[in-house]
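J.: Dropping the structure in here first, questions after.
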Amino acid sequence: MRVHIFDQWLYNLDPGIASRTKKIQHFRNVASSPSNRKKTSTMTTNKDPQDKEPGKAEQPTKNGGSSGVGIMKRLRRSASATEHNLSSLRNRKSTQNLFDQHGNPIDLRQYRKVLDKDENGNGTNGSEKKLRYRRTQSVTRAEEISNKEEKQRRAQPGRPIHQPRDSLFSWSSGFTNFSGLVNWGFLLLCIGGLRLGLENLLKYGIRINPLDWFFFISGHNEGEGHNALILCIYSLVHISLCLAVEKGLAMEIIAEGLGLFIQIVNIVVLVCLPVVTIHLKGHAFSLMGASTVCFFYSVLFLKLWSYVQTNMWCRQTYYQKNSRERRPSITLAELKKGVLNGGEEDEDVSKLVQYPDNLTYKDLLYFLCAPTLCYELNFPRTSRVRKRFLLKRLLEVVIGVNVVMALFQQWIIPSVRNSLIPFSNMDVALATERLLKLALPNHLCWLCFFYLLFHSFLNAVGELLNFADRNFYCDWWNANNIDTFWRTWNMPVHRWCVRHLYIPVVQMGYSSRQASTIVFLFSAVFHEYLVSVPLQIYKIWAFMGMMGQIPLSAVSKSIEKKLGPRMGNIIVWASIILGQPLCIMAYYHDYVVQHFKNSLNGTDYSS
Numbered sequence: 001m002r003v004h005i006f007d008q009w010l011y012n013l014d015p016g017i018a019s020r021t022k023k024i025q026h027f028r029n030v031a032s033s034p035s036n037r038k039k040t041s042t043m044t045t046n047k048d049p050q051d052k053e054p055g056k057a058e059q060p061t062k063n064g065g066s067s068g069v070g071i072m073k074r075l076r077r078s079a080s081a082t083e084h085n086l087s088s089l090r091n092r093k094s095t096q097n098l099f100d101q102h103g104n105p106i107d108l109r110q111y112r113k114v115l116d117k118d119e120n121g122n123g124t125n126g127s128e129k130k131l132r133y134r135r136t137q138s139v140t141r142a143e144e145i146s147n148k149e150e151k152q153r154r155a156q157p158g159r160p161i162h163q164p165r166d167s168l169f170s171w172s173s174g175f176t177n178f179s180g181l182v183n184w185g186f187l188l189l190c191i192g193g194l195r196l197g198l199e200n201l202l203k204y205g206i207r208i209n210p211l212d213w214f215f216f217i218s219g220h221n222e223g224e225g226h227n228a229l230i231l232c233i234y235s236l237v238h239i240s241l242c243l244a245v246e247k248g249l250a251m252e253i254i255a256e257g258l259g260l261f262i263q264i265v266n267i268v269v270l271v272c273l274p275v276v277t278i279h280l281k282g283h284a285f286s287l288m289g290a291s292t293v294c295f296f297y298s299v300l301f302l303k304l305w306s307y308v309q310t311n312m313w314c315r316q317t318y319y320q321k322n323s324r325e326r327r328p329s330i331t332l333a334e335l336k337k338g339v340l341n342g343g344e345e346d347e348d349v350s351k352l353v354q355y356p357d358n359l360t361y362k363d364l365l366y367f368l369c370a371p372t373l374c375y376e377l378n379f380p381r382t383s384r385v386r387k388r389f390l391l392k393r394l395l396e397v398v399i400g401v402n403v404v405m406a407l408f409q410q411w412i413i414p415s416v417r418n419s420l421i422p423f424s425n426m427d428v429a430l431a432t433e434r435l436l437k438l439a440l441p442n443h444l445c446w447l448c449f450f451y452l453l454f455h456s457f458l459n460a461v462g463e464l465l466n467f468a469d470r471n472f473y474c475d476w477w478n479a480n481n482i483d484t485f486w487r488t489w490n491m492p493v494h495r496w497c498v499r500h501l502y503i504p505v506v507q508m509g510y511s512s513r514q515a516s517t518i519v520f521l522f523s524a525v526f527h528e529y530l531v532s533v534p535l536q537i538y539k540i541w542a543f544m545g546m547m548g549q550i551p552l553s554a555v556s557k558s559i560e561k562k563l564g565p566r567m568g569n570i571i572v573w574a575s576i577i578l579g580q581p582l583c584i585m586a587y588y589h590d591y592v593v594q595h596f597k598n599s600l601n602g603t604d605y606s607s
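Residues 1 to 607, numbered by the UniProt record's numbering, are exactly what the sequence shown covers, in order.
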């Protein structure tokens, strides 16, 4: 007997040749038979005893003889052995729609997963194949019934307009365009903020006075001049000592161990100097002056750490490269001129500074002024200064600073003053209300500070210095967990922590979790340093707030995994709005209570 698959091909080629009533067996049973290939190759030469008797020549029909011969030739060409593997049979157009043993059409595309698994050698037993076939057939049958019912319903003369649909707010609807609701929320937020601003003006009047800010920043009311500026200028002593030690190490005048010890002592004394000075001479510094000094010395500490460690890496590489050769002696004059690497240079290649030619005041001062905390011998540079871009950033700095000062003077200071009595009386409900009231203006100030520092100010400095790497922040507002937020909102600090703290700790043999804990511990110490030292209130609230980010990180990751990234992002925003700002405002409240409690006794706190 002929193979049933070729009968189906005959039916597709010429319906008049093959019998329409003949049942076609299932394609999989035919394809799985190992003898099909032999039958296929000899099909056209074998004789069917039921078709003609032995010894009689085949008489061509009157009408269909020539067409039958042509069909058989086409059948021979299409019945090559290479087309009988499963993938070719699956992809042929002529076999896309076959018939099962009951005469029902079958779409072979429904069996692609099963066929692929058979071809890859991951074959399943017959029961599993039959089960999959029954399931696929039942699903296909259900879809056919559903489509048939839908067509019949639409064909009714009553003009039906309803169909199965989900509401847009249902997750199963797949609807995601809620831009109108975002606009509504933004408009509602603006209206609420405008109402709060009008309420503040009606209750307290206009409290903005630029002259008070001038006295507050300059320290004129403190009575002892510009001590903060003097302390910042004094930092040149530590900078010069750091450069001198590096030159001594490069010329091998100072031993490696001794030089490293001097550098560690130098930067530790540098960061401790504001603590001792402000503690002993606190009356000589204004609050703004003390905060500026602590911030300046913190940045200088991180920069000098990076400078020392990077030069140490370069020195180790230089010694390893020239270990087999006699190292040339370096004089101080050669070091100043930078002629150590002054060999033949290619004019087409830009000149790159090599160690130890980088050990100059010009190079170090550029790094100290550049908007980065990580030192490199050759920073990426821009070709020109964009004057229009620079002017925009400077205008943003000027306007933004005035906005922050106005918010602080008009909104935050009255709220802090009114929270004194509730905190003193431990009225939890009223104190919570005051803290929540402080959260909104404090968060606005924090957002303005972020934009002013990381976008306006750092871009302006980078434009002036032709510093090309402007990636000062990433999309922290889309962070789905606390870890992502801390990795994206302050990129200069993040790069410094990874390069100079995390990776060296891991290379020392500690695990990544231990290294992350050390990084958070280091960050917590500096957060406490930046808050407690200027306020002269030595508590651990900022430290505990930063260390609390470790369990909060685990919680946010768990919420993100169970409830989705949107809920994780809400946890991040809640931490920003209610966590860190309230911790900082608690410090300011303690500062007011400790330093100005007597002068505030006559103030009415009922409003």
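Every residue, glycine too, gets a C-beta built ideally from N, C-alpha and C. Every value quoted in this text rests on a predicted model; they were computed, and no experiment measured them.
(1) Quick check on the DSSP output: the alpha helix (DSSP H) that includes E252 runs from which residue to which?
(2) From the DSSP output, in three-state form, read off R165 for me.
(3) Name the DSSP beta bridge partners of R381, please?
(4) Of all the options V461, A255 and W476, which has the alpha carbon lying nearest to the alpha carbon of T372?
(5) Specify the secondary structure class of I537 as computed by DSSP and reduced to three states.
(6) Under 8 Å: do the stretch 267-278 and the stretch 383-392 share three or more Cβ pairs, one atom per stretch?
(7) Identify, in the order they occur along the chain, each residue of the same chain with its Cβ nearer than 6 Å to the Cβ of G579, setting aside the five sequence neighbours on each side.
(8) Just verifying my parser: in three-state terms, what is the DSSP assignment at N227?
(9) Run the CB neighbour count on D363, radius 10 Å, all protein chains shown included, and call it buried at 16 or more, exposed below.
(10) So, using beta-carbon positions, are L243 and Y361 closer together than 9 Å?
(11) In this structure, does DSSP put R207 in helix, strand or coil?
(12) Spatial neighbours of N120 within its chain, please: CB distance less than 6 Å, with the 5 preceding and 5 following residues excluded, ordered by chain position.
(13) Using a Cβ cut-off of 9 Å (strictly closer), state whether Q410 contacts chain C.
(14) For R159, which three-state DSSP category applies?
(15) Excluding sequence positions up to five away, which residues of its chain have a Cβ less than 8 Å from the Cβ of S235?
(16) Going by the CB atoms, is the gap between N480 and V572 shorter than 9 Å?
(17) Would DSSP call L241 helix, strand or coil?
(18) Judging by CA-CA distance, which residue of K303, S556 and E144 is the nearest neighbour of T484?
(19) Tell me the residue span of the alpha helix (DSSP H) that contains C445.
(20) Using the beta-carbon count (16 or more within 10 Å), is V592 buried or exposed?
(21) Does the beta-carbon of I267 have 16 or more other beta-carbons within 10 angstroms, so that it is buried, or is it exposed?
(22) With V245 and I233 assumed to form a contact (beta carbons below 8 Å), what rounded beta-carbon distance in angstroms separates them?
(23) Verify whether the separation of the beta carbon atoms of P492 and F472 is less than 9 Å.
(24) Which of the three DSSP states, helix, strand or coil, is assigned to A554?
(25) In three-state terms, what does DSSP make of residue 611?
(26) Within this structure, are the beta carbons of F467 and F379 separated by less than 9 Å?
(27) Spatial neighbours of Y538 within its chain, please: CB distance less than 8 Å, with the 5 preceding and 5 following residues excluded, ordered by chain position.
(28) Output yes or no for whether 9 Å exceeds the beta carbon distance between A250 and L352.
(29) Taking the C-alpha atoms as reference points, what is the distance between Y587 and S512?
(30) Rounding to the nearest angstrom, what Cα-Cα distance links Y502 and W313 in this structure?
(31) Three-state secondary structure (DSSP) at E376?
(32) Apart from the five residues on each side of it in sequence, which residues of its chain come closer than 6 Å, Cβ to Cβ, to residue 645?
(33) Helix, strand or coil for G185? Go by DSSP, reduced to three states.
(34) Could you check which residue in S553, I550, V525 and A554 has the C-alpha nearest to that of I540?
(35) Got a sec, what are the start and stop residues for the alpha helix (DSSP H) C497 sits in?
T.: Looking at the coordinates:
(1) Taking the sequence shown and counting its residues from 1, one reaches residue 252 at position 252. First-last for E252: undefined, no H or E at that position.
(2) The residue labelled residue 165 in the question sits at position 165 within the sequence shown. The DSSP-derived three-state label of R165 is coil.
(3) For the purposes of this step, residue 381 is identified with residue 381 of the sequence shown, where counting begins at 1. Looking at the DSSP assignment, R381 forms a beta bridge with F467.
(4) To locate residue 372, count along the sequence shown from 1; it is residue 372. For the residues V461, A255 and W476, the minimum Cα distance to T372 belongs to V461.
(5) Your numbering for residue 537 matches position 537 in the sequence shown. Coil at I537, not helix or strand.
(6) They do not touch, by the three-pair rule.
(7) Locating residue 579 in the sequence shown gives position 579, counting from the first residue. For G579, there are no CB contacts under 6 Å within the same chain when 5 residues up- and downstream are skipped.
(8) In the sequence shown, counting from the first residue as 1, residue 227 sits at position 227. Looking at N227 - three-state DSSP - the assignment turns out to be helix.
(9) By one-based count along the sequence shown, residue 363 stands at place 363. The residue is buried, with at least 16 neighbouring Cβ atoms inside 10 Å.
(10) As a working note, residue 243 is residue 243 in the sequence shown. As a working note, residue 361 is residue 361 in the sequence shown. Going by C-beta atoms, L243 is nearer than 9 Å to Y361.
(11) To locate residue 207, count along the sequence shown from 1; it is residue 207. Coil.
(12) Position 120 of the sequence shown, counted from the first residue, corresponds to residue 120. At N120, the pLDDT of 49 sits below 50, so the modelled position is not reliable; the number obtained from the coordinates is stated separately. Counting only Cβ-Cβ distances below 6 Å, and skipping sequence neighbours, we find nothing.
(13) No chain C is present in this structure, which holds just one protein chain.
(14) Along the sequence shown, read from residue 1 onward, the residue named residue 159 stands at position 159. Three-state result, R159: coil.
(15) Position 235 of the sequence shown, counted from the start, is the residue given in the question as residue 235. These residues qualify, in order along the chain: L270, F296, Y297 and L300.
(16) The sequence position of residue 572 within the sequence shown is 572, counting from 1. The sequence position of residue 480 within the sequence shown is 480, counting from 1. Between V572 and N480, the gap from beta carbon to beta carbon is short of 9 Å.
(17) The residue you call residue 241 lines up with position 241 of the sequence shown. In the structure shown, L241 falls within a helical segment according to DSSP collapsed to helix, strand and coil.
(18) The residue given as residue 484 occupies position 484 in the sequence shown. Out of K303, S556 and E144, S556 has the C-alpha closest to the C-alpha of T484.
(19) Mapped onto the sequence shown, residue 445 falls at position 445. That run of the alpha helix (DSSP H) goes V428 to F450.
(20) Taking the sequence shown and counting its residues from 1, one reaches residue 592 at position 592. Label assigned to V592: buried.
(21) Here residue 267 corresponds to residue number 267 of the sequence shown, with the count starting at 1. The residue is buried, with at least 16 neighbouring Cβ atoms inside 10 Å.
(22) In the sequence shown, counting from the first residue as 1, residue 245 sits at position 245. In the sequence shown, counting from the first residue as 1, residue 233 sits at position 233. With a Cβ gap of about 21 Å, V245 and I233 do not count as contacting.
(23) Stepping through the sequence shown from its first residue, residue 492 is reached at position 492. Stepping through the sequence shown from its first residue, residue 472 is reached at position 472. Result yes, Cβ atoms of P492 and F472 sit closer than 9 Å.
(24) Along the sequence shown, read from residue 1 onward, the residue named residue 554 stands at position 554. Reduced to three states, the DSSP call for A554 is helix.
(25) This structure leaves residue 611 out entirely; the chain is present only between 1 and 607.
(26) Indexing the sequence shown from 1 puts residue 467 at position 467. Indexing the sequence shown from 1 puts residue 379 at position 379. With contacts defined as CB atoms closer than 9 Å, F467 and F379 qualify as a contacting pair.
(27) Position 538 of the sequence shown, counted from the first residue, corresponds to residue 538. So the list reads S532, once near-sequence residues are dropped.
(28) As a working mapping, residue 250 is identified with position 250 in the sequence shown. As a working mapping, residue 352 is identified with position 352 in the sequence shown. Cβ atoms of A250 and L352: not closer than 9 Å.
(29) For the purposes of this step, residue 587 is taken as the residue at position 587 of the sequence shown. For the purposes of this step, residue 512 is taken as the residue at position 512 of the sequence shown. Per the coordinates, the alpha-carbon of Y587 lies some 33 Å from the alpha-carbon of S512.
(30) Translated into the one-based positions of the sequence shown, residue 502 becomes position 502. Translated into the one-based positions of the sequence shown, residue 313 becomes position 313. If you draw a straight line from the Cα of Y502 to the Cα of W313, it comes to about 16 Å.
(31) Residue mapping note: residue 376 aligns to position 376 of the sequence shown, counting from 1. Here E376 sits in coil by DSSP.
(32) Since the first residue of the chain shown is 1 and the last is 607, residue 645 is not available in this structure.
(33) In the sequence shown, counting from the first residue as 1, residue 185 sits at position 185. Looking at G185 - three-state DSSP - the assignment turns out to be helix.
(34) Along the sequence shown, one-based indexing puts residue 540 at 540. Nearest option by C-alpha distance: V525.
(35) For the purposes of this step, residue 497 is taken as the residue at position 497 of the sequence shown. M491 to C497 is the span of the alpha helix (DSSP H), which, as asked, contains C497.
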